[in-house]
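Visitor: According to numbering that gives the first Met the number 0, the sequence shown is numbered sequentially starting from 0. The C-beta atom is built at its ideal place from N, Cα and C for all residues, glycine as well.
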Amino acid sequence: MKKLFTIVYCISSINSFAQDYQECIDSLYSNDYYTKFFAVECVNALEIQSASSIIEALLENQPPSLQIQFLNALYTLENPNVQVKAHELILRADDFDDDPEHPYDPLEAKVFATAILVYKGDYSTIEFAFEQLNQNQITIEDVLALHLLPYIMKDIPSYRDEAKNILIDELENTSTDIRYYSLLYLAEEFGSEMNDELVNKFINDDDLPTKIMALEHLCINNYSELNLLLKQQLELEEEWSFRIDMADSLLFRFGEPSDLKAVIDYQPNEPNETAKSLMAYSIEDFIPPKPDTLDWSELTTKLITYTDELLQYGWIANQQTKDFYTTKLQDIITVINQTKEIDSACTILNGQLLPQVEQDLQQELISTEGYKFLHYYMIYIKEEIEQEYGPCP
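1. To the nearest whole angstrom, what separates the beta carbons of residue 188 and residue 156, a pair I think is in contact under 8 Å?
2. So residue 206 and residue 178 are supposed to be a Cβ contact under 8 Å. How far apart are they, rounded?
3. With three or more beta-carbon pairs closer than 8 Å as the criterion, would you say the region 266-281 touches the region 350-368?
4. Would you mind sorting residue 252 into buried or exposed? The rule is 16 or more other CB atoms within 10 Å of its CB.
5. Can you have a look at residue 276 and say buried or exposed, based on whether 16 or more other CB atoms are within 10 angstroms of its CB?
6. Sorted by chain position, which residues of the same chain lie with C-beta nearer than 7 Å to residue 114's C-beta, five sequence neighbours on each side aside?
7. Excluding the 5 residues flanking residue 107 on each side, which residues of the same chain have their C-beta closer than 6 Å to its C-beta?
8. Whole alpha helix (DSSP H) runs in the region 130-159 with 4 or more residues, listed along the chain?
9. Given a cut-off of 8 Å on the beta-carbon distance, is the pair residue 217 and residue 201 in contact?
10. Looking at C-beta atoms only, is the number of pairs between the region 244-251 and the region 273-290 that lie closer than 8 Å three or more?
11. Quick one: what does DSSP say residue 365 is sitting in, helix, strand or coil?
12. Taking only runs that begin and end inside the region 20-50, name each unbroken alpha helix (DSSP H) of 4 or more residues, in chain order.
13. On the criterion of 16 or more Cβ atoms from any shown chain inside 10 Å, does residue 52 qualify as buried, or is it exposed?
14. In chain order, what are the residue ranges of uninterrupted alpha helix (DSSP H) at least 4 long that sit wholly in the region 286-336?
15. Count the other CB atoms within 10 Å of the CB of residue 393; is the residue buried (16 or more) or exposed (fewer)?
16. What's the C-alpha gap between residue 112 and residue 270?
17. Within a Cβ cutoff of 6 Å, which residues of the same chain sit near residue 289, ignoring the five residues on either side of it in sequence?
18. Leaving out five residues on either side along the sequence, give the residues of the same chain with a beta carbon under 6 Å from the beta carbon of residue 181.
19. Tell me whether residue 97 sits in a helix, a strand or coil according to DSSP, three-state version.
20. For residue 335, tell me which candidate among 344, 376, 327 has the shortest Cα-Cα distance.
21. Exposed or buried, which one is residue 369 when buried takes at least 16 other CB atoms within 10 Å?
22. Taking C-alpha atoms, which residue in 365, 359, 117, 48 lies nearest to residue 85?
23. Could you check where the alpha helix (DSSP H) with residue 278 kicks off and where it finishes?
24. Could you compute how far the alpha carbon of residue 315 sits from the alpha carbon of residue 210?
25. Alpha carbons only, please: which of 173, 204, 163 is nearest the one belonging to residue 190?
26. Taking 8 Å as the threshold (C-beta atoms), are residue 60 and residue 43 in contact?
27. Taking 7 Å as the cut-off, is the CB of residue 333 close to at least one heavy atom of the ligand FAD?
28. Does residue 172 come out as helix, strand or coil in the three-state DSSP assignment?
29. Do you know how far the Cα of residue 39 is from the Cα of residue 77?
30. Suppose you measure from the CA of residue 346 to the CA of residue 391; what does that come to, to the nearest Å?
31. Within its chain, find whatever has a CB closer than 8 Å to the CB of residue 403; leave out the 5 residues flanking it on each side and keep chain order.
32. So which of 303, 295, 239, 317 has the shortest CA-CA distance to residue 388?
33. From what residue to what residue does the alpha helix (DSSP H) around residue 242 run?
34. Along the alpha helix (DSSP H) that carries residue 212, what are the first and last residues, could you check?
35. Using the C-alpha atoms, what's the distance from residue 323 back to residue 317?
36. Is the beta carbon of residue 213 less than 8 Å from the beta carbon of residue 227?
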């Protein structure tokens with residue numbers, strides 16, 4: 000956060016202005032407003048530590064806007080007295096709008112100083128942030144106060160509900176930045192409690208970064224209806240790049256037969272040629288993800304249930320082929336449960352099932368899609384058997 004307040008100016012101008020560190024420092028004493036403005040920006044950009052005590056001494060005698068810039072420089076340079084100077088600025092700020100040449104909004108100045116205090120762990124003046132946020136609908140000029148709310152919610156529980164209500168109110172703000180950060184801070188602080196708001200923004204917001212962030216947090220929250228939601232929105236989403244993200248989420252986050260089928264069915268109808276091509280690549284590159292919470296028995300049971308879908312989709316050609324796989328898979332479960340040894344189960348896997356999958360693919364008794372689920376799940380089953388019982392003989 001140390002760099003948060005640094006205003007970015009043309010790098011070439013700063014570099015030209017700051018060839019000599021001493022020139023930056025000397026310019027802090029100038030009587031010209033703009034010379035001092037660029038001097039303090041030079042000090043900020045180059046982090047000239049030797050200027051810290053000079054800026055501290057000169058701060059109070061500057062026009063209001065330069066006082067803000069000088070205070071910012073003290074924060075950047077980690078001046079040990081920056082908190083004292085922030086409190087002093089707040090006490091002076093009521094007169095800032097009376098400056099004849101460079102007036103500054105008093106409340107905005109107080110919020111700026113408050114932000115520095117908050118980042119230093121001092122919450123004694125946060126009422127100024129709430130005063131600004133509660134005036135009217137928040138504008139981009141108020142965004143600094145908005146950025147303080149996560150710190151306040153985390154460290155000052157008595158303000159948590161007020162901060163939450165402000166953020167909820169701003170979810171419909173006309174500023175995309177304010178909507179984005181309001182949703183982000185709510186999602187980070189309140190997790191799955193915000194799922195309804197996340198779903199709403201994922202479906203309806205017209206700002207792509209906000210939609211993407213909503214999807215990310217629905218994934219983080221393990222939203223139970225996310226799979227169905229992705230399948231619905233894949234056909235409705237207007238932004239082609241986001242349709243790619245949704246297709247990839249279906250394939251590589253969920254990766255069940257119905258997910259692959261949904262993307263395969265949609266891909267020929269994708270109107271954007273780039274998206275269409277990338278989806279085709281993802282389909283070709285698809286490998287079913289290994290469920291990380293299932294043991295060998297649960298994986299085997301899951302693959303048995305998958306064979307019904309594979310037959311339904313035509314990825315297993317006929318009932319006889321499907322029955323072969325389900326019978327052999329059930330034999331693995333039965334023999335291990337009965338004998339507590341894995342020799343026979345390993346023989347079924349290595350000597351019967353895995354070779355048969357290769358043969359059936361060549362004979363077109365299973366499709367490429369069916370092969371991927373059968374082959375890789377058998378590999379996953381073997382890995383989990385060996386994890387529990389040791390290597391196959």
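Guide: Reading it off the structure:
1. Counted from its first residue, the sequence shown places residue 188 at position 189. Counted from its first residue, the sequence shown places residue 156 at position 157. With a Cβ gap of about 11 Å, residue 188 and residue 156 do not count as contacting.
2. Residue numbering aside, residue 206 sits at position 207 when the sequence shown is read from its first letter. Residue numbering aside, residue 178 sits at position 179 when the sequence shown is read from its first letter. Contact between residue 206 and residue 178 holds, since their C-beta atoms are separated by about 6 Å, short of 8 Å.
3. Proximity of the region 266-281 to the region 350-368 falls short of the contact definition, fewer than three beta-carbon pairs being nearer than 8 Å.
4. Position 253 of the sequence shown, counted from the start, is the residue given in the question as residue 252. By the 16-neighbour rule on beta-carbons within 10 angstroms, residue 252 is exposed.
5. Within the sequence shown, the letter at position 277 stands for residue 276. Under a 10 Å Cβ-count criterion, residue 276 is classified as exposed, with fewer than 16 other Cβ atoms of the shown protein chains found around its own Cβ.
6. Position 115 of the sequence shown, counted from the first residue, corresponds to residue 114. Here the set comprises 143, 147.
7. The residue labelled residue 107 in the question sits at position 108 within the sequence shown. Contacts found: none.
8. With a minimum length of 4 residues, the continuous alpha helix (DSSP H) runs that stay inside the region 130-159 are 142-154.
9. Translated into the one-based positions of the sequence shown, residue 217 becomes position 218. Translated into the one-based positions of the sequence shown, residue 201 becomes position 202. Cβ distance < 8 Å, so residue 217 and residue 201 count as in contact.
10. Contact between the region 244-251 and the region 273-290 is present: 3 or more CB-CB pairs across the two stretches fall below 8 Å.
11. The residue given as residue 365 occupies position 366 in the sequence shown. Here residue 365 sits in strand by DSSP.
12. Counting whole runs of 4 or more residues, the region 20-50 contains the alpha helix (DSSP H) stretches 20-26, 32-45.
13. Taking the sequence shown and counting its residues from 1, one reaches residue 52 at position 53. The residue in question, residue 52, is exposed, as its Cβ has fewer than 16 Cβ neighbours within 10 Å.
14. Counting whole runs of 4 or more residues, the region 286-336 contains the alpha helix (DSSP H) stretches 295-311.
15. Past the edges of the chain, shown from 0 to 392, lies residue 393, and the structure says nothing about it.
16. Position 113 of the sequence shown, counted from the start, is the residue given in the question as residue 112. Position 271 of the sequence shown, counted from the start, is the residue given in the question as residue 270. Rounded to the nearest angstrom, the two C-alpha atoms are 51 Å apart.
17. Within the sequence shown, numbered from 1, the residue matching residue 289 stands at position 290. Cβ within range, chain order: 379.
18. As a working mapping, residue 181 is identified with position 182 in the sequence shown. Taken in chain order, the residues that qualify are 166, 169, 170.
19. Along the sequence shown, one-based indexing puts residue 97 at 98. Correct three-state label for residue 97: helix.
20. Residue mapping note: residue 335 aligns to position 336 of the sequence shown, counting from 1. Of the candidates 344, 376, 327, the residue whose Cα lies closest to the Cα of residue 335 is 344.
21. Residue mapping note: residue 369 aligns to position 370 of the sequence shown, counting from 1. It is buried - the Cβ of residue 369 has at least 16 other Cβ atoms within 10 Å.
22. Walking along the sequence shown from the start, residue 85 turns up at place 86. Looking only at 365, 359, 117, 48, the smallest Cα-Cα distance to residue 85 is reached by 117.
23. Against the sequence shown, residue 278 aligns to sequence position 279. Per DSSP, residue 278 belongs to the alpha helix (DSSP H) from 272-284.
24. Mapped onto the sequence shown, residue 315 falls at position 316. Mapped onto the sequence shown, residue 210 falls at position 211. Straight-line Cα distance between these residues: approximately 37 Å.
25. Translated into positions along the sequence shown, residue 190 becomes position 191. Out of 173, 204, 163, 163 has the C-alpha closest to the C-alpha of residue 190.
26. The count along the sequence shown starts at 1 and reaches residue 43 at position 44. The count along the sequence shown starts at 1 and reaches residue 60 at position 61. Annotated as distal: residue 43 and residue 60, with beta-carbon spacing of 8 Å or more.
27. The ligand FAD is not part of this structure, which contains no ligands at all.
28. Taking the first residue of the sequence shown as 1, we reach residue 172 at position 173. If DSSP states are grouped into helix, strand and coil, residue 172 belongs with coil.
29. On the sequence shown, position 78 is the one that residue 77 refers to. On the sequence shown, position 40 is the one that residue 39 refers to. About 15 Å.
30. Position 347 of the sequence shown, counted from the start, is the residue given in the question as residue 346. Position 392 of the sequence shown, counted from the start, is the residue given in the question as residue 391. Between residue 346 and residue 391, the C-alpha separation is close to 9 Å.
31. There is no way to answer for residue 403, as the model of the chain reaches only from 0 to 392.
32. The sequence position of residue 388 within the sequence shown is 389, counting from 1. Per the Cα distances, 295.
33. Residue mapping note: residue 242 aligns to position 243 of the sequence shown, counting from 1. Residues 239-248.
34. Walking along the sequence shown from the start, residue 212 turns up at place 213. 207-219 is the extent of the alpha helix (DSSP H) around residue 212.
35. Here residue 317 refers to the residue found at position 318 when the sequence shown is read from its first residue. Here residue 323 refers to the residue found at position 324 when the sequence shown is read from its first residue. Between residue 317 and residue 323, the C-alpha separation is close to 10 Å.
36. Your numbering for residue 213 matches position 214 in the sequence shown. Your numbering for residue 227 matches position 228 in the sequence shown. No; because the gap between Cβ atoms is not below 8 Å, this pair is not in contact.
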